[in-house]
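S.K.: Pasting in a structure now, in structure tokens, and then I'll have a few things to ask.
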Amino acid sequence: MKKNSSPYLLTFFACWLLWLLLTASFATDELLSGFLISLVISLITAPKMNILNGLNFHWAFLIGLVRYLVYFFYALIKANLDLAKRVLSKDMKINPRMVEIETTMQSDLGKLFLANSITLTPGTLTVDVNENRLLVHWIDCPENTDLDAITHTIVSKFENYLKGFVR
Amino acid sequence: MHLAGEIILLIGAIFVFLGALGLLRMPDVYNRIQVGTKAVTLGSIGIIIGVALINPLWWSKLLVILGFILLTSPVSSSAITKAFYRSGIAPWRETEKNKNQDEKEASL
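Given below as structure tokens:
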């Protein structure tokens, strides 16, 4: 029973949080109508929310999430400075390649986060996800690299952070 | 507060501009999408934070917008790139450009 109730709770609180953020008021009637609507939505949709199973709840869940977000924004800003440099330089030093990398993320949610992170970080763009292989377009690929080296450069750091809160 | 908001708005706008410039300068569709996604995502984050500083009452709605942009913008660009890749457009290579130039010079 406990195993089955968690997607309901999760969907319910996500809906309610979204409602609260959008209405931005703590008036009783707002809270109550939000509560009722979130309840109905979570009852209808929770059985289909399989993607939420990827969340890995444990004592350090929030810490893992915050650490990931901090690193993510750092990588995003670094990516944009790198990109600005490339766009503004006279002879664009780019050497684009399609490379394949391997991921150890188990769940769909983990792969989604990883793919999004790869897309928003320096010089890489996820093209396709296939089982545990990701096809990545790399804007400045060094010569003569094998799968392990590429995997190590692109994903290993993100995976470390992601494993703090998803499978 | 107001001034800081305007400065961050300006930074966001600069990144969006760089994204547009990159769209013009990059050689093929994959590189263009890379520039477009990254620059426009950070640019819109900057604009949203700037607006939040200028008008702090809107912070919760802006937070929701920020979350959805961060989740959906990479997914959409991935989907577009996948469609291009499936339709058989090969990535641009430095060597091909050089080869074409050599051929041009040879024909001259």
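Heads up: the sequence lines are chains R and L, in that order. Numbered according to the numbering used here, the first sequence spans residues 64 to 230. Numbered according to the numbering used here, the second sequence spans residues 4 to 111. Glycine included, C-beta positions come from ideal geometry on N, C-alpha and C. These numbers come from a predicted model, not from an experiment.
Tell me the start and end of each unbroken alpha helix (DSSP H) in the segment 64–121 of chain R that is at least 4 residues and wholly inside, in chain order.
M.R.: Counting whole runs of 4 or more residues, the segment 64–121 of chain R contains the alpha helix (DSSP H) stretches 65–86, 91–108.
S.K.: Which residues mark the beginning and the end of the beta strand (DSSP E) in which VAL229 of chain R is found?
M.R.: For the purposes of this step, residue 229 of chain R is identified with residue 166 of the first sequence, where counting begins at 1. From DSSP, VAL229 of chain R is part of no beta strand (DSSP E); its letter is neither H nor E.
S.K.: For a contact meaning CB atoms closer than 9 Å, what does ASP191 of chain R contact in chain L?
M.R.: Numbered from 1 along the first sequence, position 128 holds the residue referred to as residue 191 of chain R. SER81, THR84, LYS85, TYR88, ARG89, listed in chain order.
S.K.: One question on the structure: do HIS200 of chain R and MET168 of chain R come within less than 8 Å of each other, judged by their Cβ atoms?
M.R.: On the first sequence, residue 200 of chain R is found 137 positions in, with the first residue counted as 1. On the first sequence, residue 168 of chain R is found 105 positions in, with the first residue counted as 1. No, the Cβ-Cβ distance between HIS200 of chain R and MET168 of chain R is not below 8 Å.
S.K.: My understanding is that GLY8 of chain L touches LEU56 of chain L, with C-beta atoms under 8 Å, so please give their C-beta distance in whole angstroms.
M.R.: Stepping through the second sequence from its first residue, residue 8 of chain L is reached at position 5. Stepping through the second sequence from its first residue, residue 56 of chain L is reached at position 53. Yes, they are in contact, since the Cβ atoms of GLY8 of chain L and LEU56 of chain L sit about 3 Å apart, within 8 Å.
S.K.: Out of L:PRO30, L:GLY49, L:VAL32, state which residue places its alpha-carbon closest to the alpha-carbon of ILE17 of chain L.
M.R.: To locate residue 17 of chain L, count along the second sequence from 1; it is residue 14. Nearest option by C-alpha distance: L:GLY49.
S.K.: Under 8 Å between C-beta atoms, does ARG196 of chain R make it to chain L?
M.R.: Here residue 196 of chain R is taken as the residue at index 133 of the first sequence, counted from 1. No - not a single Cβ of chain L is within 8 Å of the one on ARG196 of chain R.
S.K.: Compile a chain-ordered list of the residues in the segment 136–152 of chain R whose CB is closer than 8 Å to at least one CB of chain L.
M.R.: Result list: LEU139, ILE140, ALA142, ASN143, LEU146, ALA147, ARG149, VAL150, LEU151.
S.K.: Output the residue ranges of the beta strand (DSSP E) runs that lie fully inside the segment 137–193 of chain R and measure 3 residues or longer, sorted by chain position.
M.R.: 160–165, 187–193, all fully within the segment 137–193 of chain R.
S.K.: Would you say LEU26 of chain L and GLY15 of chain L are within 8 Å of each other, going by their C-beta atoms?
M.R.: Residue numbering aside, residue 26 of chain L sits at position 23 when the second sequence is read from its first letter. Residue numbering aside, residue 15 of chain L sits at position 12 when the second sequence is read from its first letter. No, the pair does not count as a contact, with Cβ atoms beyond the cut-off.
S.K.: Answer yes if the segment 82–96 of chain L comes into contact with the segment 99–111 of chain R, meaning at least three C-beta pairs across the two stretches below 8 Å, and no otherwise.
M.R.: The segment 99–111 of chain R is not in contact with the segment 82–96 of chain L.
S.K.: Do you know offhand how far LEU115 of chain L's Cα is from TRP62 of chain L's?
M.R.: This structure cannot speak to residue 115 of chain L, because chain L is shown only from 4 to 111.
S.K.: Just verifying my parser: in three-state terms, what is the DSSP assignment at VAL54 of chain L?
M.R.: Your numbering for residue 54 of chain L matches position 51 in the second sequence. Correct three-state label for VAL54 of chain L: helix.
S.K.: Could you tell me whether the segment 220–228 of chain R touches the segment 125–136 of chain R, where touching means 3 or more Cβ pairs closer than 8 Å?
M.R.: Yes, the segment 220–228 of chain R touches the segment 125–136 of chain R.
S.K.: Tell me, please, which residues DSSP counts as bridged to HIS200 of chain R.
M.R.: Translated into the one-based positions of the first sequence, residue 200 of chain R becomes position 137. DSSP output for HIS200 of chain R lists R:MET161, R:LEU188 as bridge partner(s).
S.K.: Name the chain R residues that come within less than 7 Å of ALA42 of chain L, Cβ to Cβ?
M.R.: Within the second sequence, numbered from 1, the residue matching residue 42 of chain L stands at position 39. Those within 7 Å of ALA42 of chain L in chain R are ASN143, LEU146.
S.K.: Say whether chain R places a C-beta atom closer than 8 Å to the C-beta of PHE71 of chain L.
M.R.: Locating residue 71 of chain L in the second sequence gives position 68, where the first residue counts as 1. It does not; no Cβ of chain R falls within 8 Å.
S.K.: On a CA-only basis, which of R:ASN113, R:PRO159, R:LEU80 is nearest LEU66 of chain L? Give me that one, please.
M.R.: To locate residue 66 of chain L, count along the second sequence from 1; it is residue 63. When each option's Cα is compared against that of LEU66 of chain L, the closest is R:LEU80.
S.K.: Closest Cβ-Cβ distance between LEU225 of chain R and chain L: below 8 Å?
M.R.: For this step, residue 225 of chain R is matched to residue 162 along the first sequence. So no, LEU225 of chain R is outside the interface.
S.K.: From this set, R:PRO185, R:ASP203, R:LEU172, R:ILE202, which residue's C-alpha is nearest VAL192 of chain R's C-alpha?
M.R.: Counting from one through the first sequence, the residue named residue 192 of chain R turns up at place 129. Checking every option, the nearest Cα to that of VAL192 of chain R belongs to R:LEU172.
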